[in-house]
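Notes to accompany the following structure.
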Amino acid sequence: MSDMKFIKFFLIVLMYLGLLPGCSQKQIPSRIDFDLNWKFYLGDDSLAYTPSYDDSGWRELDLPHDWSIEGEFSVSHPATPEGGALPTGIGWYRKDFRLAPGDKNKQIYIDFDGVFCNSKVWINGVYLGNRPYGYSSFRYDLTPFLNFDDDANNCIAVRVDNSAQPASRWYTGSGIYRHVWLVRKNSIHVDHWGLFVTTSIVDSLNANVDLKIKICKIHDGPANITVRSDLMDGSRVLTSSLDTLQLISPVTELGQTFNVTNPLLWYVDSPHLYTIRTRILENNQIIDEYETPFGIRSFRFDSEKGFFINGKHLKIHGVNQHHDLGALGAAVNTRAMERQLEILKDMGCNAIRMAHNPPAPELLDLCDQLGFLVIDEAFDEWKRTKAQKGYHLYWDEWHLKDLQDMVLRDRNHPSIIAWSIGNEIPEQFDSTGIAIARELVKAAKELDPSRPVTAALTETDPKKNFIYQSGALDLLCFNYKHKEYLQFPSRYPGECLLPSENMSAISSRGHYDFPSDSIRVWPPAYNVPFEGNEDFIASAFDNVHAYWGATHEETWGLVKNNDFISGMFIWSGFDYLGEPIPYPFPAKSSYLGIIDLCGFPKDVYYMYQSEWTDKTVLHLFPHWNWKIGQTVDLWVYYNQADEVELFVNNVSQGRKSKPEGTFHVMWRVPFRPGSIKAVSYRAGKKVAEKEIHTAGPARKIELEADRTVINADGKDLVFITVKITDEQGNLVPTADNLVHFDVTGAGEIAGVDNGYQASLESFKTNHRKAFNGMCLLIVKSTNKAGKIKINAYSKGLTNQEIIVEVDKINEIRR
Numbered sequence: 007m008s009d010m011k012f013i014k015f016f017l018i019v020l021m022y023l024g025l026l027p028g029c030s031q032k033q034i035p036s037r038i039d040f041d042l043n044w045k046f047y048l049g050d051d052s053l054a055y056t057p058s059y060d061d062s063g064w065r066e067l068d069l070p071h072d073w074s075i076e077g078e079f080s081v082s083h084p085a086t087p088e089g090g091a092l093p094t095g096i097g098w099y100r101k102d103f104r105l106a107p108g109d110k111n112k113q114i115y116i117d118f119d120g121v122f123c124n125s126k127v128w129i130n131g132v133y134l135g136n137r138p139y140g141y142s143s144f145r146y147d148l149t150p151f152l153n154f155d156d157d158a159n160n161c162i163a164v165r166v167d168n169s170a171q172p173a174s175r176w177y178t179g180s181g182i183y184r185h186v187w188l189v190r191k192n193s194i195h196v197d198h199w200g201l202f203v204t205t206s207i208v209d210s211l212n213a214n215v216d217l218k219i220k221i222c223k224i225h226d227g228p229a230n231i232t233v234r235s236d237l238m239d240g241s242r243v244l245t246s247s248l249d250t251l252q253l254i255s256p257v258t259e260l261g262q263t264f265n266v267t268n269p270l271l272w273y274v275d276s277p278h279l280y281t282i283r284t285r286i287l288e289n290n291q292i293i294d295e296y297e298t299p300f301g302i303r304s305f306r307f308d309s310e311k312g313f314f315i316n317g318k319h320l321k322i323h324g325v326n327q328h329h330d331l332g333a334l335g336a337a338v339n340t341r342a343m344e345r346q347l348e349i350l351k352d353m354g355c356n357a358i359r360m361a362h363n364p365p366a367p368e369l370l371d372l373c374d375q376l377g378f379l380v381i382d383e384a385f386d387e388w389k390r391t392k393a394q395k396g397y398h399l400y401w402d403e404w405h406l407k408d409l410q411d412m413v414l415r416d417r418n419h420p421s422i423i424a425w426s427i428g429n430e431i432p433e434q435f436d437s438t439g440i441a442i443a444r445e446l447v448k449a450a451k452e453l454d455p456s457r458p459v460t461a462a463l464t465e466t467d468p469k470k471n472f473i474y475q476s477g478a479l480d481l482l483c484f485n486y487k488h489k490e491y492l493q494f495p496s497r498y499p500g501e502c503l504l505p506s507e508n509m510s511a512i513s514s515r516g517h518y519d520f521p522s523d524s525i526r527v528w529p530p531a532y533n534v535p536f537e538g539n540e541d542f543i544a545s546a547f548d549n550v551h552a553y554w555g556a557t558h559e560e561t562w563g564l565v566k567n568n569d570f571i572s573g574m575f576i577w578s579g580f581d582y583l584g585e586p587i588p589y590p591f592p593a594k595s596s597y598l599g600i601i602d603l604c605g606f607p608k609d610v611y612y613m614y615q616s617e618w619t620d621k622t623v624l625h626l627f628p629h630w631n632w633k634i635g636q637t638v639d640l641w642v643y644y645n646q647a648d649e650v651e652l653f654v655n656n657v658s659q660g661r662k663s664k665p666e667g668t669f670h671v672m673w674r675v676p677f678r679p680g681s682i683k684a685v686s687y688r689a690g691k692k693v694a695e696k697e698i699h700t701a702g703p704a705r706k707i708e709l710e711a712d713r714t715v716i717n718a719d720g721k722d723l724v725f726i727t728v729k730i731t732d733e734q735g736n737l738v739p740t741a742d743n744l745v746h747f748d749v750t751g752a753g754e755i756a757g758v759d760n761g762y763q764a765s766l767e768s769f770k771t772n773h774r775k776a777f778n779g780m781c782l783l784i785v786k787s788t789n790k791a792g793k794i795k796i797n798a799y800s801k802g803l804t805n806q807e808i809i810v811e812v813d814k815i816n817e818i819r820r
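Mind the numbering: the sequence shown is residues 7 to 820 in the numbering used here, read in order.
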């Protein structure tokens, strides 16, 4: 046995005996939340980067922060209604902080998860650099420019320039809208995003887990270190790998391999996560620790049978998601993102396409934890223009760096099943698309050869699509054009298909128009006036869609019944700010979601729930408040049954089953006040029952909190649904009462909304009009334990008060 092998063997023995020195040493956190106590100024000042600058008059706030969402809606804002009709501009952020003298021998970095956009950063007056793309995460080394004396301040200054508009086809937000971290490291450490974990062999009996670790050495001269990686299930170490090596170069790469017997595989219904804990030891002391959550899973696409994960066939039930959080704007909040995913999961959704940019890191963490497949997308624009002041302006200098940073940051997430290099890119129509596509795919695969690379295409003729002709794509994704899917196997023999955008069907929660027996589409001219067309704009039946799209039932039926179609991604999961096309101001947000801005499901949500889950679903709509004698279409989405019977005022209207190719049953009846009831049956036995009563005048307010206890961390949220009801507790479906909110104690109002796409009320007030009987209050915790008292009141209505507990709990959700 060689000396090196003997040393390694001896160290492993000590490790398993628990005798390896330094392994129990308590570590000082190397990554520190840097969100608190910033100062902000909306405007520009060329001297604001200097440490001596007087910022005493600036606003104090905590990050993440989106200043656009705090503004008033206006058609005259440069971002236009397509950008959310909210203000943009230039803003400055500053923060003073001190470091301990003991940090003098450390490497100190600052990590920005995302700044929108065109950020420039200074430390103590020294310019560090700029980052134009608002969705990229990035790091600066502060070490050479810091003060370490006890009484010496350090000043970080950030200029954010979102003034060049229009810069996007949707609402972006403005500011340091994602988290910021201060990172302390010793001179030898695992590099930023420097560990890559893959699973080369995966089955129910064994899995091989392979690591590639990049280690940085900042100081001169060689160093002898030990690198120990533990594969952990929770707090339990399952197996370990240990290497000793001498560092000579500034960067050293190391490979390690584990074998896991009887692994718990990551799956959408059982998203089990392991952790790799990597420690670097020098002189038997831990000098760095780096943790990497990951999942053990395998997947593949098949040109005939679709998608498989861990050897099991799975139809991808996906939605597209933009990054805004409704009334919270673009400012990242983990609980708000988690709530969105929970609502989608309850519908049966199992996949998210990040449209059309890298998401917040926390969103990918949540997808890992909750069991969502992900397409991680880099760009909406390459060199050719889509938005007048968009990303094409920075393409030449930044596109490779931005793509590489996305892949490096995100490649350990088991949820990610594909990288997308672009959405509806104009270069698919000219020969420049060939070279660019090859360049981008090559860059992605150099950093992660384990996943397919795709792009969301619109040109379905292979002879006309130059991105396809590049031969670089592993997986073909097309937006819309569902009627051409059946030609795919003959047009693209041997290729795998995953539609990346579908439907663009329009609806507004709780608003209906009749009759609904014909499909109407948006005219290509986009010239439908808003005034006088409210019914057209707000139809909630599955009968209005973009001219490029289709109804939910038509597209899902095609995808469901063809195995070679791996799944689909609905446009979109939630309504989102901006892109109200085809409707002009005052419309300022999308009508295309299955769920509105508040997180309240629209009716079609229950069609998908009836198809995508095993839950018993019986959803009867619309409401039962109409003009006497008016003809009303009553629809029912259902499952677990073979027929449904409708009763109007206790009189049966007969039983119906879904016609072939549809996912609902319908009755057309005249309105008479009273009640409607749907009863579903299977083999003659009742399965479920749903009854709706004609609501009387509005009399009461009802409050429903999504949780009764939240975390006292200054960031956690409680979402409170506000309903306007009659005396008997029936929702009043046309109520638009103005509701006021008093919030006292250990919380404060974070936002209000009602889901109406053309409402111009501010998201940042203490009141909101109901829309179709409902609105939403969002309350944020303070960092102190206690109670939040929430009182809602409105003229002529009985008010309601609820209490939410705020406690120091690290993990409430799971």
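Note that CB positions come from ideal geometry on N, CA and C, so glycine has one too.
- The C-beta distance from R457 to I423 rounds to 7 Å, short enough to fall under 8 Å.
- Shown here for L370: same chain residues with a beta carbon closer than 8 Å to its own, the five before and five after excluded, namely V380, D382, D416, H419, S421, I422 in chain order.
- DSSP places L270 in the coil class of the three-state scheme, outside both helix and strand.
- Among the bridge pairs identified by DSSP, C781 is matched with V728.
- With three or more CB-CB distances shorter than 8 Å, the segment 703-716 counts as touching the segment 806-816.
- In the three-state reduction of the DSSP assignment, F677 falls in the coil class.
- Contact annotation: V215 and F264 have beta-carbon atoms nearer than 7 Å.
- For T740, there is no enclosing beta strand (DSSP E), as DSSP marks it with neither H nor E.
- Per DSSP, the unbroken alpha helix (DSSP H) holding S616 starts and ends at 610-618.
- Exclusion of the five residues before and after T466 leaves F484, K487, E490 as the residues of its chain whose Cβ lies within less than 7 Å of its Cβ.
- Restricting attention to T731, V738, I755, S768, the CA atom closest to the CA of Q806 is found in T731.
- A contact between stretches requires three or more CB pairs, one per stretch, nearer than 8 Å, and the segment 318-334 meets this requirement with the segment 569-579.
- Judged by DSSP in its simplified three-state form, I634 adopts coil rather than helix or strand.
- With contacts defined by Cβ atoms closer than 7 Å, I286 and V203 do not form a contacting pair.
- Assigned with DSSP and collapsed to three states, F313 falls in strand.
- If you check the CB distance, I219 and L260 come in under 7 Å.
- Under the Cβ criterion (8 Å, minimum of three pairs), the segment 350-367 does not count as touching the segment 633-641.
- Where T298 is concerned, the enclosing beta strand (DSSP E) starts and stops at 291-300.
- Between L53 and Y59, the C-beta gap is smaller than 7 Å, which places the two residues in contact.
- Taking one beta carbon from each stretch, the segment 133-150 and the segment 340-359 have fewer than 3 pairs nearer than 8 Å; the two do not touch.
- Taking all protein chains shown into account, K448 has fewer than 16 neighbouring C-beta atoms within 10 Å of its C-beta and is therefore exposed.
- Between the segment 639-657 and the segment 624-631 there are three or more C-beta pairs closer than 8 Å, enough to call the two in contact.
- Scanning N429, E585, D50, K608 for the CA closest to the CA of D330 turns up E585.
- The C-alpha of S437 lies about 35 Å from the C-alpha of D581.
- Annotation for A478: A443, R444, V447 place their beta carbon closer than 6 Å to its own, counting only its chain and skipping 5 residues before and after.
- Between the segment 307-315 and the segment 331-349 there are fewer than three C-beta pairs closer than 8 Å, too few to call the two in contact.
- F122 is a Cβ neighbour of S180, given a cutoff of 7 Å.
- Setting aside the 5 residues that flank it on each side, L453 is surrounded in the same chain by Q410, V413, L414, R417, each with a C-beta closer than 7 Å to its C-beta; the list follows chain order.
- According to DSSP, I162 shares a beta bridge with K101, I129.
- DSSP, read as helix, strand or coil, puts R234 in strand.
- Bridge partners of H625 according to DSSP: Y643.
- In this structure, I302 is the residue among A158, V186, I302, G140 with its C-alpha nearest to the C-alpha of L211.
- For G660, the three-state secondary structure derived from DSSP is strand.
- Inter-residue distance for S800 and V745 is about 5 Å (C-alpha atoms, whole angstroms).
- With a contact defined as Cβ atoms closer than 8 Å, G605 and R345 qualify at about 6 Å.
- Distances from the alpha-carbon of D722 to those of C781, S787, G702, K662 put S787 closest.
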